[in-house]
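Numbers -21 to -1, 1 to 654, taken from mature numbering (1 follows the signal peptide of the UniProt record, and there is no 0), label the letters of the sequence shown in order. Positions of the beta carbon are idealized from the N, C-alpha and C atoms, including for glycine.
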Amino acid sequence: MKAHLLSALMLTLLATAGVQAQDKTSGVDIANIDPSVRPQDDFFLNLNGKWLARTEIPADKSSWGSFEKLDDDTKPQLRAIIEAAAADQNKQQGTPSQQIGDFFASYMDEAKLEALRLAPLKADFDRVAALSDKKQIPALIAHFNRYGYTAPFGFVIHQDNKDSTKYVADLAQDGLSLPDRDYYLKKSDKKMADTLAKYEQHVARMLTLAGNANGAADAKAIVALETEIAKIQWTKVQLRDPVKAYNKVPLAQLSKLAPGYDWTTWLNDTGIGGKVDYVIVSQPSFITGFNKLLNKTPLNTWKVYFQWQVLHANAPYLAKDFALENFAFYGKVLAGRDEQEPRWKRGVNATDGALGEALGKLYVEQHFPAERKARMEQLVKNLLAAFHQSIDTLDWMSPETKQQAQAKLAKFTTKIGYPNKWRDYSKLVVAKDDLVGNVLRSHAFDYDKEVNKLGKPIDRDEWGMTPQTVNAYYNPELNEIVFPAVILQPPFFDAAADDAVNYGAIGAVIGHEISHGFDDQGAQYDGDGNLRDWWTKADHKNFDAKTKMLVKQYNGYSPVKGYFVNGELTLGENIADNSGAAIAYKAYLLSLGGKPAPVIDGLTGQQRFYMGFGQVWRAKIRDAQQIVYLKVDPHSPDQFRANGTVRNQPGFYEAFGVKPGDKLYLAPKDRVIMW
């Protein structure tokens, strides 16, 4: 198998390229290079310096770069599809044309929203107002779970991490309206404290707009309650440990975690009861802490908290004053944006969120040529082959663990472009004059789909992203790598460019997702998607030593003065960035078949590879949004995804002659490549 894979890899470069190398462009945006900055000192700035200098982040964006531009370029394509659906004179109720067209129309009908005001929320406001006893809260939380409202805890349906043949309900902490617990608890951080104060003012204004005469006092109570919830939450770093988060609890024993809580009502109302005999509780201490908080907090405080969550969740879909106030805090204060996106773009986003695969099917038909999928399939094969070879050459891993790693790699599943089986939305009711109702019914529709998985076979055809999502992912439970259609275009893949740039760009993305199967989290799962330790003790020790080095490296990076990357939170993504680039580089060199790469635009193939990689991370971001990402995003900031990766790559040192004294130089003993 190994020989077959490697021989295929040697022969496929020009076949996937489609034209001879000498007819191709370099694929490098030479005009963006800043010659005043040496690539050996700051590769990101050298490669993208002129772009950074002349580019302003659009007023309606919190960041702007390769991912955001591609997403923004896709919006008009989706709008055209939506408007064509709306114009279909033969559409029938429950068909994609009717649903897509009418959902978007309901979003764009601002006059209707002004006339309705809060009328669409009356039933849920009344449900909250009717609370007369805390014993009724479990039923309310179940209702909130179904309709997508924030509640103190929720659940997800996924494969049992220790029996991947079964679906299970996994209870998880929730309850906050700010991005992370640090916003409530880091009182010494002036920016965090200022944001919390502005959040309280925002809640007060929203409640007042909704007719609450005690808006200021109730806002203070809500913030105090959310602060107490934050205190009992696990940190983002703690949440990364899949072993500690796997706590199998028989339904009958939930009462031991939260004595007196009406689990029977919650289980029955959520639809979980009767379908399983156990659940997974990701954060047991949180559930216990929440139950204590429930008992000691006055009922009226809970009522205003739940009232706020109904209002907050629906604010973007209400009359203009609610939507603007929502943007004033979440768009301006938290994300740093100056303006809202045009309404049509927000309408496209909302329609996409509710009917993603219905819209995606039409997108693929119009914008994803079959040859793109074929090229991507070949590239993935090449990267898997390079990873296969790399495992065998590792000097820090024992033969026993290598055998297990190869067994896992052999079981990888690849999904490219779009699902083999499209989702059926025909039972989702979409009304042209009921935006809030459309959103809530969409949440319930998605919820029912998930709960109905319990007790049924695993759906291995399901996708976790739509084809029009500018992203990719690895799912450890299915041991699969998934690449949506939209990402297979510039700057990630350029059919007119020499393959060096494509291996550095989309090749590194592929390598990144493969590497997630072997990062500090993914490596805890076997090839069947089960949480199982397949490592020797010595290999664990070697791996842990490398992860500690990587954590230390990234802890030293600061994108905003006074704020640093959290090397533990970003560890998995940093492993994938570094390993993905290393594997893509190996695949590129193998693809040359021993022949020298052509020099194009005065650049060697090795240089173009790394420049293709660095171009992908071209981006600018507002400080407010960057701080949010530092708290919640497992990815490092873009400039460090570029610089932090290349300084660990031996090939980068060769390509650009990096030497001691250069700012990106790391001594060989300090460079970290795991795979």
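Selection from the options that minimises the alpha carbon distance to residue i
{"i": "residue 645", "options": "624, 561, 158", "result": "624"}
{"i": "residue 88", "options": "414, 446, 556, 613", "result": "414"}
{"i": "residue 655", "options": "286, 634, 100, 599", "result": "Given a span of -21 to 654 for the chain in the structure shown, any question on residue 655 remains unanswerable."}
{"i": "residue 117", "options": "237, 209, 139, 193", "result": "237"}
{"i": "residue 367", "options": "544, 380, 528, 384", "result": "384"}
{"i": "residue 555", "options": "540, 496, 609", "result": "496"}
{"i": "residue 476", "options": "591, 369, 522, 601", "result": "591"}
{"i": "residue 317", "options": "639, 11, 601, 632", "result": "601"}
{"i": "residue 615", "options": "637, 565, 546", "result": "546"}
{"i": "residue 618", "options": "418, 19, 27, 5", "result": "27"}
{"i": "residue 730", "options": "419, 571, 61", "result": "Nothing in the structure corresponds to residue 730, since the chain is present only between -21 and 654."}
Residues bridged to residue i (per DSSP)
{"i": "residue 77", "result": "Paired residue(s): none; residue 77 is not in a bridge."}
{"i": "residue 655", "result": "Residue 655 lies beyond the residue range present for the chain, which begins at -21 and ends at 654; the question has no answer from this structure."}
{"i": "residue 134", "result": "150"}
{"i": "residue 4", "result": "476"}
{"i": "residue 393", "result": "460"}
{"i": "residue 258", "result": "228"}
{"i": "residue 598", "result": "44"}
{"i": "residue 539", "result": "542"}
{"i": "residue 579", "result": "582"}
{"i": "residue 139", "result": "142"}
{"i": "residue 510", "result": "504"}
{"i": "residue 452", "result": "461"}
{"i": "residue 252", "result": "255"}
Sub-8 Å separation of residue i and residue j beta-carbons
{"i": "residue 486", "j": "residue 563", "result": "yes"}
{"i": "residue 481", "j": "residue 466", "result": "no"}
{"i": "residue 479", "j": "residue 576", "result": "yes"}
{"i": "residue 301", "j": "residue 319", "result": "no"}
{"i": "residue 573", "j": "residue 613", "result": "no"}
{"i": "residue 215", "j": "residue 548", "result": "yes"}
{"i": "residue 394", "j": "residue 289", "result": "no"}
{"i": "residue 324", "j": "residue 54", "result": "yes"}
{"i": "residue 108", "j": "residue 255", "result": "no"}
{"i": "residue 396", "j": "residue 446", "result": "yes"}
{"i": "residue 609", "j": "residue 622", "result": "no"}
{"i": "residue 557", "j": "residue 533", "result": "no"}
{"i": "residue 539", "j": "residue 606", "result": "yes"}
{"i": "residue 85", "j": "residue 412", "result": "yes"}
{"i": "residue 379", "j": "residue 515", "result": "yes"}
{"i": "residue 265", "j": "residue 211", "result": "yes"}
{"i": "residue 227", "j": "residue 510", "result": "no"}
{"i": "residue 44", "j": "residue 410", "result": "no"}
{"i": "residue 18", "j": "residue 588", "result": "no"}
{"i": "residue 655", "j": "residue 56", "result": "Summary: the structure shown does not reach residue 655, with the chain confined to residues -21 through 654, and so no result is reported for it."}
{"i": "residue 174", "j": "residue 312", "result": "yes"}
{"i": "residue 113", "j": "residue 278", "result": "yes"}
Inter-residue CB distance, residue i and residue j (contact presumed, cutoff 8 Å)
{"i": "residue 603", "j": "residue 315", "result": "4 Å"}
{"i": "residue 92", "j": "residue 298", "result": "5 Å"}
{"i": "residue 391", "j": "residue 363", "result": "7 Å"}
{"i": "residue 134", "j": "residue 333", "result": "At roughly 21 Å, the Cβ-Cβ gap does not stay under 8 Å, so residue 134 and residue 333 are not in contact."}
{"i": "residue 484", "j": "residue 595", "result": "5 Å"}
{"i": "residue 407", "j": "residue 78", "result": "6 Å"}
{"i": "residue 159", "j": "residue 129", "result": "The Cβ separation is near 14 Å, so there is no contact."}
{"i": "residue 203", "j": "residue 155", "result": "With 8 Å as the limit, residue 203 and residue 155 do not qualify as a contact, their Cβ atoms being about 13 Å apart."}
{"i": "residue 261", "j": "residue 150", "result": "6 Å"}
{"i": "residue 398", "j": "residue 438", "result": "Not a contact, Cβ separation roughly 10 Å."}
Per-residue burial, residue i [other beta carbons within 10 Å of its own, 16 or more giving buried]
{"i": "residue -19", "result": "Low local confidence applies: a pLDDT of 31 at residue -19 is under 50, so the model's placement there is unreliable, with the coordinate-based value given in what follows. So residue -19 counts as exposed."}
{"i": "residue -14", "result": "Because residue -14 sits at a pLDDT of 31, beneath the cut-off of 50, its placement in the model cannot be relied upon, and the point is left open."}
{"i": "residue 52", "result": "exposed"}
{"i": "residue 673", "result": "Nothing in the structure corresponds to residue 673, since the chain is present only between -21 and 654."}
{"i": "residue 125", "result": "buried"}
{"i": "residue 101", "result": "exposed"}
{"i": "residue -4", "result": "Summary for residue -4: the model assigns pLDDT 34, below 50, so the residue's position carries little reliability; its value from the coordinates is reported in the next sentence. Result: exposed."}
{"i": "residue 1", "result": "Residue placement at residue 1 is flagged as unreliable, the pLDDT there being 49, under the threshold of 50; the coordinate-derived value follows with that caveat. Exposed, by the Cβ-count rule."}
{"i": "residue 99", "result": "buried"}
{"i": "residue 66", "result": "exposed"}
{"i": "residue 42", "result": "buried"}
{"i": "residue 448", "result": "buried"}
{"i": "residue 544", "result": "buried"}
{"i": "residue 640", "result": "exposed"}
{"i": "residue 403", "result": "exposed"}
{"i": "residue 303", "result": "exposed"}
{"i": "residue -7", "result": "The pLDDT assigned to residue -7 is 33, lower than 50, so where the model puts this residue is not dependable; a value taken from the coordinates is nonetheless given after this. By the neighbour-count rule (16 or more Cβ atoms within 10 Å), residue -7 is not buried but exposed."}
{"i": "residue 535", "result": "exposed"}
{"i": "residue 80", "result": "buried"}
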